[in-house]
Structure formats: structure tokens, C-alpha cells
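These notes concern the structure reproduced below.
2 protein chains.
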Amino acid sequence: MSAALERFRIVLVDTSHPGNIGATARAMLTMGLTRLTLVNPRRFPDPDAVARASGATRVLDAARVVGTLDEALDGCVLVVGLSARRREFAGRVLPVRAAAAAAVAHAARGDVALVFGGEMSGLSNRELARCGIVATIPTDAGYGSLNLAAAVQVAAYELRVAAAGDAVWTAPRFAPATADEIEALYRHGTQTLIDMRFLDPERPKRLLPRLRRLFARAGLEKEEVNILRGILARIDELVRRGPRR
Amino acid sequence: MSAALERFRIVLVDTSHPGNIGATARAMLTMGLTRLTLVNPRRFPDPDAVARASGATRVLDAARVVGTLDEALDGCVLVVGLSARRREFAGRVLPVRAAAAAAVAHAARGDVALVFGGEMSGLSNRELARCGIVATIPTDAGYGSLNLAAAVQVAAYELRVAAAGDAVWTAPRFAPATADEIEALYRHGTQTLIDMRFLDPERPKRLLPRLRRLFARAGLEKEEVNILRGILARIDELVRRGPRR
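This is the structure we're talking about:
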């Protein structure tokens, strides 16, 4: 886990539905975040939270429940508030991607809080005034109603990518064919196409360049060259046998 | 709405929980996606889907329900499969951000499908073999269990940012102070600090550069310069009155 991820607190203010708290815990843990603070949750702990956490219950078990936003933010070197709507806020407003980059930079100095308001109306102007940065998730102009846990998921994802990159598993790699193996394939293939009377060497048109383009785009592997040469050899046999019939 | 967003189909295969279908519809619409195809959903239509869609029911109403993945992908110029786990897949595997960029590029030529497997085990190897690109959302090494609709939310968010950018509302801007107004403020402030006997002009140390640095970082506005000069003028009055007491 990136050290920066340990510095982030996710703070939910005035959450109405415990299911959203559970889904938030799950969203956090998928991205490597574990520190959840709840300011005045309506119902917590609650079985709905456990159900939606789906195995991320250790985030719920370790959650801090406090009565004021001040307590939740104590000691933080940066407070980032999430807000969808345009507000009377004169500070820095950033897309969530840029806000995540700023949050990771600040995390080198201390704890950083990401604050999410209640389901119905988000953070109040007074709460936003506590934030050094307001982060906004870009949404459709006509329907911007992100679910609370979905907003946490996107923000946590951006924090993770900013802190730890987005390297993922890669497909197994096989040995690539060498240039000489590929040229031998083309020579073989060209001769076979001529023998098959599919290619007229006097009027080759664009056939060979198109085939080269196709295989170049795919990036041939050693084993694939062997398979293609096997197919060509079989065609060669059929061509040689042809006149006997 | 960006034209590219109209080209994307979200395809859910073998979905067990109708709540996830509803949450997917909501996640899609927040990002401007409207075309949902369901392959063999266990329960659909269903009141749980409507409840979780939270106003995005028009996506559910327009959803196509089909029996095979082939029908869902008919006519697509690119199929992107989402998969969390490392697989026996020898094609292109990309982080979801890079996959979204590729998807937007292909959308100029025709429809692009994003395919999500069932809640328990995701897409089968056979289904993945239908995909030109496998996209992976980076997750914590120990807990990669993204909720289905949460995965759709992240992927749809990346599609939107790739297709339409992530410009968001910005805070109201006020007129910036000009360089001469700022220099006049510093001259005034320096004199006041000397008069207050807070600054020794013979041994200024680092006080003035530190104050310049603070205000430069903030980026002074015209009105703020006026406020600060008002405070300085009041201090000047107090300093002048001092000896009388």
C-alpha cells in the first residue's frame, strides 16, 4: 500500500442511510483506504451497513463516530470537500482528478480529509468554508445525482491512481518473432500465393503490403510464425498434388 | 452531451441482483450514458431496480434484454471487457483510464460495448475472448471486491472524462490586484511595520520575503488589497496616537 493512502480520512457528514455507509466502506477498501469518520450518522452501527460492506467490515469496525465536523478534521493539513453543485465558495474548485493530485501532494505533510455531505443536499456553505479545496466530479448536465457511495468510489479511485498509479496485471507475454523469422515467413508466403495462382508476380497490386500491415499491427510471436509456416507448408503440398488429379 | 457518449453500450451479463441493475442505470446517467443491454438478467424488470435507479428510470425503460452476448455486441466496432482478476487472456489489457481513451477513439467509427460479468465471478474466459481490450480498475491487492455498479460508475466516469473532459464549475472570480497596487501595499506595510517597531529596518531578517511569499501564493485581489490597506491605515492611526497616552 502506498504510504499516502494511509494519510487519507474519508469523512461522511449527516449520513441518512446506513447502507451508504457500508457501501462507502467497501468502496474505500477496494482502493486501499481504511480510515472512515462519521459525523452525526442517523443510524450507526446498523445491520444494513454491514450487509452493504460485503466483507469490508473492518473499515466499519474501525470507524470513528463524532458529533462535529471540527472533531473529524482535527490535525488535518488539508480538507477537501466534495460538492456537485455550484456554490458561493470563493476558494479553489478543482475537478476530482486534480484535487486528488493535490491531496496526495499534501499527504506527505500529514493527514488529509475528504468530506462528503448528506444524501439530500450535500455539504452546507458553512461546511464548505472549512475546505481548502472543493472537488467536483464531472457529471451530465441534466442528471448529476451520484449516489453517495458512488461518489466516494470515484474519489477513492482517483486518490489511489494519484498515489499509487494505475498499473494493472498484464496479459502473459510470449516470445516475439525475430525480424529474420518474419521475413522468412513473408518469402514463404509470397511464393505459396504465387504457386496457388492467387498472386500474379507481374501485377502484385497491394496484396503483400496489406498482409504485412496486418501482421505488423498484431506483432507476431515466434509460435505464431511456426503455425503460419505450417499452414503454408500444407498448402504447398496441396498445390504440388493438384496436377495429379 | 459529447457525441462519443451516445456510441457506448453498457452490457451487463448474468446479473443476479436487480438492485445492481438500477444502481448501474443511475451510475450511467450521471455520466451521460443511456444505452443499457442486459444479457440473461436473473430478475428484470424488478421494483428493486427502479428503487436503486433513483430517477434514472428512463435508462431502465429503454434497456434491451437479450439472451446471448452475441446479440448484445452486434454491430460494435470495439468490445471492452471489464475484469479484475488476472486471466488467461493474451490480448490487450489496459488500466481503465487508457481503455476509456481507446474506447473514445473507436467511438468515432461506430458503437463500442463495455461488458461487465456477473456479481460472483465476472466474465468467463470465453466471454473475455470476445473482447478486443480487457480493462482493469486498479484496486487494493488484498481487497479487490468492487460492487458491480461501483465498477460501472468508475468506468463511466473515465469514459466521460475521456470523451468530454472534466471541466467543472469554477468559483466566482474577482478582479485581481495589479502589480503596482501590490507594490504600494508592500511599501505601506513595510513602513507601518517599522513605525510599529515590529520591523527593524537595519536588521530586517526574513520577515518581508516571508510576507511577500504568503500573499503571492494566495494571489491578491483588488478588494483584498483595499481591505489590507484599510487595516494598515487604522494601525497607522494607533501608532500616531500612541505617544499621547
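As they're listed, the protein sequences go chains A and B.
Here the working numbering is used: the first residue of the first sequence is 1, the next is one more, and so on.
Here the working numbering is used: the first residue of the second sequence is 246, the next is one more, and so on.
A virtual CB, placed ideally from N, CA and C, is assigned to each residue, including glycine.
Can we say the segment 268-279 of chain B touches the segment 297-314 of chain B, given the rule of at least three CB pairs closer than 8 Å? yes
Near A280 of chain A, which residues of its chain fall below 6 Å by C-beta distance, leaving aside the five closest residues on each side in sequence? An answer regarding residue 280 of chain A cannot be provided, because it is not within the stretch 1 to 245 covered by chain A.
Can the beta-carbon of L114 of chain A be found less than 8 Å from the beta-carbon of L82 of chain A? yes
So, V96 of chain A versus E158 of chain A, is the Cβ gap smaller than 8 Å? yes
Contact set for G189 of chain A: own chain, Cβ-Cβ below 8 Å, skip 5 residues either direction: L211, L228, L232
Under 8 Å between C-beta atoms of I137 of chain A and L146 of chain A: yes
Closer than 8 Å, CB to CB, is Q436 of chain B near chain A or not? no
Cβ neighbours of L314 of chain B in the same chain (closer than 7 Å, five flanking residues each side left out): V258, V284, E372, R375
Just mark L214 of chain A as buried or exposed, buried being the case when its beta carbon has 16 or more other beta carbons within 10 Å. exposed
Counting along the chain, where does the beta strand (DSSP E) carrying V379 of chain B start and finish? 378-381
Residue ranges of each beta strand (DSSP E) run of no fewer than 3 residues wholly in the segment 277-350 of chain B, ordered along the chain? 280-284, 309-311, 323-327, 337-340
Use the C-beta contact count for F116 of chain A: other C-beta atoms within 10 angstroms, 16 or more gives buried, fewer gives exposed. buried
Taking only beta-carbon positions, decide if I382 of chain B is within less than 8 Å of chain A. yes
Is S145 of chain A close to chain B, meaning its C-beta is less than 8 Å from at least one C-beta of that chain? yes
Is the beta carbon of L29 of chain A closer than 8 Å to that of D385 of chain B? yes
Enumerate in chain order the residues of its own chain whose CB-to-CB distance from L163 of chain A is below 7 Å, with the five nearest sequence positions on each side excluded. Before going further, note that residue 163 of chain A is Ala rather than Leu in the sequence given. S2, A4, L5, V104, listed in sequence order.
Please decide whether V55 of chain A counts as near chain B, where near means a Cβ-Cβ distance under 8 Å. Going by the sequence as given, residue 55 of chain A is Gly instead of Val. Yes, contact with chain B.
In the DSSP assignment, what residue or residues form a beta bridge with A358 of chain B? B:R254, B:V324
Under a CB-based cut-off of 8 Å, is R22 of chain A close to chain B? A quick correction: the sequence has Gly, not Arg, at residue 22 of chain A. Not an interface residue.
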